[in-house]
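Chains as they are written, first to last, in this note's numbering: chain A, 20 to 188; chain B, 20 to 188.
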DNA sequence: AATAAAATTCAAAAAATTTTGAAACTTCTA
DNA sequence: TAGAAGTTTCAAAATTTTTTGAATTTTATT
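Pasting the structure below:
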């Protein structure tokens with residue numbers, strides 16, 4: 020397999036994977052393209068490579084920047100914006116986990132907290148069953164939430180330690 | 020909030036969450052409905068509650084059964100099939116993680132292994148950059164894969180230890 | 001300030017996904 | 001084994017999501 024074929028295949032595969040995780044295929048492909056690109060790319064570069072429109076590039080790049088996965092960079096003596104992806108896989112994972120926690124996990128915990136307060140006949144099987152389900156789910160969600168916090172901290176310590184060891188040298 | 024309102028809200032919320040994770044909204048709602056239902060439900064019950072067609076119920080129930088999240092049960096003296104969801108939240112989490120590992124993580128590791136073998140000018144920055152990206156991603160994926168294996172075997176405090184074990188390799 | 005180059009927006013079009021529902025099929029019962 | 005009850009299938013319709021591209025806005029240059 021040549022380098023170009025391999026890049027193409029990676030972009031396709033990553034796009035497909037993204038789609039299975041509720042991420043627009045083009046956004047995932049765009050992320051893949053920037054992730055494997057040694058140089059920052061311009062809107063034109065991306066349009067050309069992925070064969071998509073200017074508006075589409077703009078929209079998906081903005082979204083990736085929102086997630087913190089892509090940076091806008093400027094080349095001196097060039098008015099164009101160039102885009103560059105975060106390359107550190109651990110950082111990428113952390114950014115995605117942090118964002119999904121904020122967007123999905125925290126809101127669902129709020130909702131579950133509300134739903135546990137439902138009114139009804141406390142003796143009925145139906146009522147007890149529902150409250151029990153909400154309780155179980157809330158406990159689970161909170162455990163995941165705490166674990167994610169730990170993970171984000173653990174990763175920072177890991178980076179912090181690395182930084183220290185570099186200074187010592 | 021009454022019990023019926025709470026159930027409705029849970030089904031809506033769960034459906035929305037599923038959609039953000041690449042799961043068909045109806046499938047997620049159907050799962051929510053069965054999850055909070057004290058009794059197994061028939062196709063008719065589900066059609067009625069979610070206001071969807073027979074074919075739609077059948078398709079989504081089949082998919083949930085494939086994932087291991089829903090069981091088919093029979094009542095004696097009744098020819099209808101009834102459906103019941105797994106109620107243990109930790110079991111549900113394990114089933115989902117196991118299935119996504121099999122469907123997504125393992126295949127991507129296969130692809131990354133292939134892509135690392137790309138041919139090209141080993142001295143070029145472009146080549147080195149690509150191979151480095153694939154290597155990083157493959158290492159990460161394998162770490163996640165191993166952690167998931169441990170998690171599936173472990174008991175309920177798996178998650179607390181998951182990310183730590185990922186960092187320790 | 002005028003011009004040019006690039007970025008952004010968003011309504012409409014295209015594409016993809018989901019849903020429907022009636023026909024076909026299966027299973028059970030008398 | 002005929003009929004009834006229930007399940008499954010899948011082509012077409014409906015809906016949702018994504019993409020396009022021209023008009024508008026922003027930014028930089030002379």
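Note that CB positions come from ideal geometry on N, CA and C, so glycine has one too.
Would you please verify whether the beta carbon of residue 20 (chain A) is less than 8 Å from any beta carbon of chain B?
-> At least one CB of chain B lies nearer than 8 Å to the CB of residue 20 (chain A).
Local Cβ density within 10 Å of residue 94 (chain B), reported as buried at 16 or more and exposed below that = Exposed, since its Cβ has fewer than 16 Cβ neighbours within 10 Å.
Heavy atom of the ligand NAP within 7 Å of residue 108 (chain A) beta-carbon = No copy of the ligand NAP appears in this structure; indeed no ligand is present at all.
Verify the CB distance criterion: does residue 155 (chain A) have a CB-CB separation below 8 Å to chain B?
-> At least one C-beta of chain B is nearer than 8 Å to the C-beta of residue 155 (chain A).
Going by alpha carbons, who is nearest to residue 54 (chain B) out of A:151, A:100, A:29 and A:36?
-> Taking only the C-alpha atoms, the option nearest residue 54 (chain B) is A:151.
Take residue 108 (chain A) and list the residues in its own chain whose beta-carbon comes closer than 7 Å to its own, dropping the five residues that flank it on each side.
-> No residues qualify anywhere along the chain.
Own chain partners of residue 139 (chain B) with C-beta closer than 7 Å, once the 5 adjacent residues on each side are dropped | Cβ within range, chain order: 146.
The alpha helix (DSSP H) with residue 168 (chain B) in it runs from where to where?
-> 144 to 172 is the span of the alpha helix (DSSP H), which, as asked, contains residue 168 (chain B).
Hey, is residue 32 (chain A)'s beta-carbon within less than 8 Å of any beta-carbon in chain B?
-> True, the Cβ-Cβ gap to chain B drops below 8 Å.
Go through the segment 96 to 141 of chain B residue by residue and report every complete run of the alpha helix (DSSP H) that reaches 4 residues or more, in order.
-> Every alpha helix (DSSP H) of 4 residues or more that sits fully in the segment 96 to 141 of chain B is shown, in chain order, as 108 to 119 and 125 to 135.
At what residues does the beta strand (DSSP E) containing residue 79 (chain B) begin and finish?
-> From DSSP, residue 79 (chain B) is part of no beta strand (DSSP E) but of the alpha helix (DSSP H) over 73 to 85.
Measure the CB-CB distance between residue 111 (chain A) and residue 88 (chain A) and report whether it falls below 8 Å.
-> Yes, they are a contact pair.
Consider the Cβ of residue 39 (chain B): report whether some Cβ of chain A lies at a distance smaller than 8 Å.
-> At least one C-beta of chain A is nearer than 8 Å to the C-beta of residue 39 (chain B).
Any residues in the segment 55 to 85 of chain A with a beta carbon nearer than 7 Å to a beta carbon of chain B? Which ones, in chain order?
-> So the list reads 55 and 57, given in the order they occur along the chain.
For chain A, find out if any of its Cβ atoms is closer than 8 Å to the Cβ of residue 139 (chain B); answer yes or no.
-> Yes, residue 139 (chain B) lies at the interface with chain A (some Cβ there is under 8 Å from its Cβ).
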